[in-house]
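Numbering (my numbering), first residue to last: 48 to 1031. Where a beta carbon is used, it is the ideal one built from N, C-alpha and C, also for glycine. Since the structure comes first, as structure tokens, the remarks are kept for the end.
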Amino acid sequence: MTISYAGFARPWAAWLAHQLERRGQVTTMLRWDPQPDAALVDELSGLLSAEGRLLMVLDDWYFRLGTRSQEEWTAALREVVPPHADRFAAVSVATQPLPTTAAVLRPVDLRAVDADEAGRRVLDRLGIAPSGRAVDEEASSAPRFPDDPPEVWNIPRRNNRFTGRDGVLEEMYGKLARSAGRSPLVETRLALYGISGVGKSQIAAEYAHRFGNDYDVVWWISATNRGAAREQLAELASRLGLPVGQGIGDRIRAVHEALRAGRPYRRWLLIFDSADDMEQIEELVPGGPGHVLITTLSRDWSGSGGAQEIEVPSFTRFESVGYARRRAPRLTPRDADDLSAAVQDLPLLLAQTAAWLDANPLSPREYIELIRRGEPSLVGIRISTDYPMAFQTSWAITLNTLRERSPAAVELLKLFAFFAPDAIPVSLLIKARRTDLPGYLADLAAEPISWNTALRRLTESTAVRLTEGQASRPGVVTVQMHRLYHRFLRSDLVEEERDALSAAACRVLVSADPQNPGDTLTWERYADLIEHLEPAGALETSEPSVQGLVVNCVEYLRVRGEYDMGLRLCERFMAHWRSRPAPMQRTMLVLTHQHANMLRRLGRYREAEAVGGAIVDELTAERADDDADLLRAKDGLAGTLMALGSYDRACALFAEVWQSYAVLLGARAPRAVSSRSNYGVALGLLGRYQESLATHHEVLEIRERELQATDPLTLNAATSHAHALRLVGRYQEAASRQEVTARLHEQVMGLHHPQTLRAEHGLALCLRRLHGGGRADALLADVAGRCRLVHGARHPETLMVEADRVVSLREGADLEPALEAAETVATSYRDLLGEDHPYTVGTLGNLGLVLGETGDHRAGLQMTERALSGMERAMGPAHPWALGCALNAGGAFRLTGEAESAAALGEDTLRRAREALGETHPLTLAAKVALADDLRALRDTPRAAKLEEEVLRQLAETLGGAHPQTLSARRRRRPTWDFEPQPF
């Protein structure tokens, strides 16, 4: 059986073929594509050369291909069908009434019925006895019933004027279908490459509509702007039902993982439209069993091996003539051919010129002659020579006609050119204050009928397209303008007009600023505003309100976790203003602070230090010591220094800042309390644990008095306090407090919020110190998985958790993965922070412990000695981290049989631990247990016994007789110390 269909109805043809083949029928799909210069009778009779019966799938397009009249169809059907009535059958999937001439085919209607009923009707029309199920519900590769859309769908509305391109579409389908048939499945990316205006985006959208039923997920991403592309990809997380938080980064990682794993859907298609800058978009493109389509002006995608390339040519002349005659029915075949030649078959120009001819009475011959002569000045338009002559002239005529018929529409079009072309925010213009818009446009926006008339004029001229926006916000109307028009409109304006329209666009954006980037309810709005900043000229204006908008957008990117985008926005603004007068203006200071902040959060610590240090030096020379801008700069620099391991300098700066704030604003002022909290963190990193605990206790008391118990700042203070309790050895209290805090974090912020992850990480460490492994190890593994999802595998927060997981794996005797994880963490810290950073050194010590457990005692000794010397250089010999490294080095000496070296080091370690931490700190007690072990090895039994008796009593008094550290000492197991990177 041969199934004849127009290209638009391919999903129906594929579904019908599958249903018939399940009943033992052999089917062939044949696309109906009549030649315009052939007699329709001959074309229709040609179908009879196919084998078996003919099932015609009649849709809105079947009778319109080839621009045939109803009379031609009536004559052809009456001549061809009756003599072969037993071979012809038809189904109707049309949304509009079929021509009366179709009655001879006796089509059955498949619209507005479910799959079962549609299948029954088809079988009944063909006289095939039903058997089995009408729909194969079990075959995952079976075509979906066309009226049942994919589970997840976000594609622009279908272009009902789409013409031709069947060769390109079939080539695309052939490549992707072949890849989907391979075993195992491979990642497949196709790049549609071609010049601007050739129709790449339209082809990609038509592919999605025509072949979308082969997929469970079909998702469109406008990739002109990296930030907007990230937002749109992140939106897919909620549509897939993925359990993620608000951060864009973790949502994108969750989407990538879900698509890679094929869960919950294996059949997916993502389309990245206008991905011309591969460096900005490549990391967003997922891998996995699905398919990716990319439209681009660049050959970078294929040149780098990132995608197979299909070059999109202009229309064939046959396609051009067919499109032009459908768009402007008054054109004769010769007129359509001449027009196609004049615009060189470029689809964008053909759409524009045919639309103009359809709406205007000028004879086609005169219009085509104007385009051929290439004289736009004839219609009073000043055109840049940077554009093709056919574009210049046809666009000049279009603008001139618009100016005559709807001057308001032309002015609106000019303002559109000062917003991002892919999503011009019509709703913001309508809601703008009257004073935001030029007077004539303010009047237009106030009259809905006039406004909609102007928009309709623009859409009729093909200057713009209306769209319904994103899938999550149906009905939010935006306007799209082709980038070729967008660039041309801007270049055609005189400077005075350009400045006025830029100012108006900026005022519209300022009015739309929610003024609260920290509120998650405003994030969607800020995401929409950011892509318009540059085309509106917001980065170049000195207007304070506009600069305030830029500052708020940068802050939104910071709190949202979009550090890379925030850094780019800071750098673009500062590059423009750095050379201007008054570089120390308020906006510049705030964005310089944010610039350093973004660099630090991206792990570019040395650059952050350079930026922060420079601004501190400049402000110190010009401002008083208690100047607010200087204090902000010092606070930011201290954070960078803390990340770099310069804890003394960081601690001194934090102390200076919080004390200054306390004098200026009061000890309980938010800035003073935040700086004091930072000071407490720095004290802990310096090993001054009791001082750190006292500071965090005071901060927590203030937070609890001033804020609610569930406020994020209060919860963060509680986590820091519990952390400090654990560092001084008060394990029971730390665990008890952190249980409550972690539970509140989960209730208030959700499982995937970074602060929740840090709270649960802290709880896991408290539980390990209190009870050993078990629940602690399970929680740590869970937190590690969520950190990888939220932050990425190499983020400092993730590395911090992974470093602690090494301990769980080693203590659980899972040595092979422990060794691999330890090496990965140490290498990652080295790459991120440098060879000499305490975190790099400390994780090398953890690696040494794993090596010793595997039996490679000599390598373990070398690594622990290296960690000891490195930590003493970085932190000094009395720092707890150095003491812990010394404890491990002593154990490594014992494993290599060097008992005297172990004892000598043990004596020195215990002495330093007593001085630094006190007699009963857990690390001091561990040093006593280790030294007792060394003394026994040297047969100094009396002294060993005395020391052992002392330490067992102290362990029972401080930690309890049933504590794991106490039990381990009684069993004479030599203790080790694990380096735990601290949050900063």
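From which residue to which residue does the beta strand (DSSP E) around residue i run?
| i | result |
| --- | --- |
| F110 | Run containing F110: none; DSSP gives neither H nor E here. |
| D320 | 315–320 |
| Y240 | 235–240 |
| Y52 | 49–52 |
| E358 | 355–358 |
| W267 | 264–269 |
| V390 | V390 -> no beta strand (DSSP E), and no H or E assigned at all. |
| A136 | 135–139 |
Whose C-beta lies closer than 7 Å to the C-beta of residue i among residues of the same chain, with five residues either side of it excluded?
| i | result |
| --- | --- |
| G809 | T766, A769, H770, Q785 |
| R647 | A655, G686, T687, A690 |
| R115 | L87 |
| R450 | V457 |
| E751 | T761 |
Mind checking which residues open and close the alpha helix (DSSP H) that includes residue i?
| i | result |
| --- | --- |
| T343 | Taken as a continuous stretch (DSSP letters only), T343 belongs to no alpha helix (DSSP H), being part of the beta strand (DSSP E) at 338–343. |
| A159 | From DSSP, A159 is part of no alpha helix (DSSP H); its letter is neither H nor E. |
| L77 | Element bounds for L77: not the alpha helix (DSSP H) but the beta strand (DSSP E), 75–78. |
Please classify residue i: is it buried, with 16 or more other beta-carbons within 10 angstroms of its beta-carbon, or exposed?
| i | result |
| --- | --- |
| G1008 | exposed |
| V897 | buried |
| P423 | Unreliable positioning characterises P423 in this predicted model, as indicated by a pLDDT of 43, which lies under 50. A coordinate reading is not provided. |
| N644 | buried |
| H838 | buried |
| G937 | buried |
| P408 | exposed |
| D1025 | buried |
| A385 | It is Asp, not Ala, that sits at residue 385 in the sequence shown. Buried, because 16 or more other Cβ atoms sit within 10 Å of the Cβ of D385. |
| L95 | exposed |
| D433 | Because the pLDDT of D433 is 44, which lies under 50, any placement of that residue in the model is unreliable, and the number read from its coordinates should be weighed accordingly. Classification for D433: exposed. |
| P454 | exposed |
Whose C-alpha, out of the options, is nearest the C-alpha of residue i?
| i | options | result |
| --- | --- | --- |
| D566 | R607, I357, R300, L484 | R607 |
| R920 | R605, T687, L1006, D883 | D883 |
| G99 | R115, L87, I50 | I50 |
| L879 | E844, G902, G892, L862 | E844 |
| T788 | T757, D483, R57 | T757 |
| V658 | N763, P129, R419, G683 | G683 |
| V597 | L556, P924, E609 | L556 |
| S764 | Q802, G486, R534 | Checking the sequence shown, residue 764 turns out to be Ala, not Ser. Comparing Cα-Cα distances from A764 to each of Q802, G486, R534, the minimum goes to Q802. |
| A671 | C813, N935, V704, A443 | V704 |
| P969 | G931, S361, E669 | G931 |
| V511 | D490, A479, A470 | A470 |
| A301 | P333, A270, D320 | P333 |
Excluding the five sequence neighbours on either side, which residues of its own chain have a C-beta within less than 8 Å of the C-beta of residue i, listed in chain order?
| i | result |
| --- | --- |
| Q755 | T761 |
| T967 | G776, Q1001, E1004, T1005 |
| L677 | V663, L666, T667, R670, A671 |
Enumerate in chain order the residues of its own chain whose CB-to-CB distance from residue i is below 6 Å, with the five nearest sequence positions on each side excluded.
| i | result |
| --- | --- |
| A61 | P190 |
| N25 | Any question about residue 25 goes unanswered here, given that the chain covers just 48 to 1031. |
| W267 | N201, I202, I318 |
| R530 | P468 |
| P231 | Here the model assigns P231 a pLDDT of 43, short of 50, so the residue's position is not dependable and the matter cannot be decided. |
| L978 | G953, L957 |
| V199 | V264, R286 |
| A850 | V872, T890, P1028 |
| T569 | P561, N563 |
| M847 | P1028 |
Throw me the rounded Cβ distance for the residue i and residue j pair, which I believe falls under 8 Å.
| i | j | result |
| --- | --- | --- |
| I357 | L239 | 6 Å |
| V104 | L63 | 7 Å |
| T1005 | G776 | 7 Å |
| R723 | T742 | 6 Å |
| S345 | M325 | 6 Å |
| K681 | V663 | 6 Å |
| P359 | K222 | Position check: residue 359 holds Val in this sequence, whereas Pro was assumed. Not really, about 14 Å apart at Cβ, beyond 8 Å. |
| Y708 | A697 | The Cβ separation is near 16 Å, so there is no contact. |
| V998 | A1016 | 6 Å |
| S57 | R373 | Note on residue identity: the sequence assigns Arg, not Ser, to residue 57. No, R57 and R373 are not in contact; Cβ-Cβ is about 19 Å, not under 8 Å. |
| N935 | G902 | So it is not a contact: roughly 17 Å between Cβ atoms. |
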